[in-house]
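In case it helps, our numbering puts the sequence shown at residues 42 to 160.
The structure appears right after this line, and notes come after that.
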Amino acid sequence: KLQDYYFASMIMRKQIAATLELLEIALDKQRNKLIRLNLQLTISTISVGFAGWVGAMFGMNLTSGLEAHPTMFYGVFGGSLVGAGLLYTMGERIVTSTMSQRAENPTVEEYHAPGTYTF
Numbered sequence: 042k043l044q045d046y047y048f049a050s051m052i053m054r055k056q057i058a059a060t061l062e063l064l065e066i067a068l069d070k071q072r073n074k075l076i077r078l079n080l081q082l083t084i085s086t087i088s089v090g091f092a093g094w095v096g097a098m099f100g101m102n103l104t105s106g107l108e109a110h111p112t113m114f115y116g117v118f119g120g121s122l123v124g125a126g127l128l129y130t131m132g133e134r135i136v137t138s139t140m141s142q143r144a145e146n147p148t149v150e151e152y153h154a155p156g157t158y159t160f
């Protein structure tokens, strides 16, 4: 009789551990989504900052001879948008390739992370 209680408690313990592991996986997934969103917002901020920097360089009231050119505004504006877009695209590619490399080659610490339960 005592042995039945022992086996039942062991089964329950394994079920609790499995449930905890599933909850940790779900929380990890949400955390990864938040980290990804944070990275995208950071890359976007840097890209917009670059476009603003280009505008600030041309708006410093310095005479360069380009201020009187009839189409230079559109060239600088278009160039800064293209530069910001390229900067965003490069940032996204770097993040995506880094994340895929980590997924393919996990470290030992990721296999034996705190909170994993083995019986």
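Even for Gly, the Cβ is constructed at its ideal location relative to N, Cα and C.
Computed from a prediction, not measured in an experiment: that's the story for all the values here.
6 angstroms CB neighbourhood of VAL117 in its chain, flanking five on each side removed: As a position in the sequence shown, residue 117 is number 76, starting the count at 1. Around VAL117: PHE99.
Sub-9 angstroms separation of SER88 and GLY120 beta-carbons: As a working note, residue 88 is residue 47 in the sequence shown. As a working note, residue 120 is residue 79 in the sequence shown. Cβ atoms of SER88 and GLY120: not closer than 9 angstroms.
Alpha-carbon to alpha-carbon, ASN73 and MET140: Here residue 140 refers to the residue found at position 99 of the sequence shown. Here residue 73 refers to the residue found at position 32 of the sequence shown. Each residue's alpha carbon lies about 11 angstroms from the other.
Top-ranked residue by Cα proximity to LEU128, from THR86, LEU61 and THR112: Mapped onto the sequence shown, residue 128 falls at position 87. Checked all of THR86, LEU61 and THR112; the closest Cα to LEU128 is THR86.
Per-residue DSSP class, three states only, for THR137: In the sequence shown, the residue the question calls residue 137 occupies position 96. Residue state, collapsed to three classes: helix.
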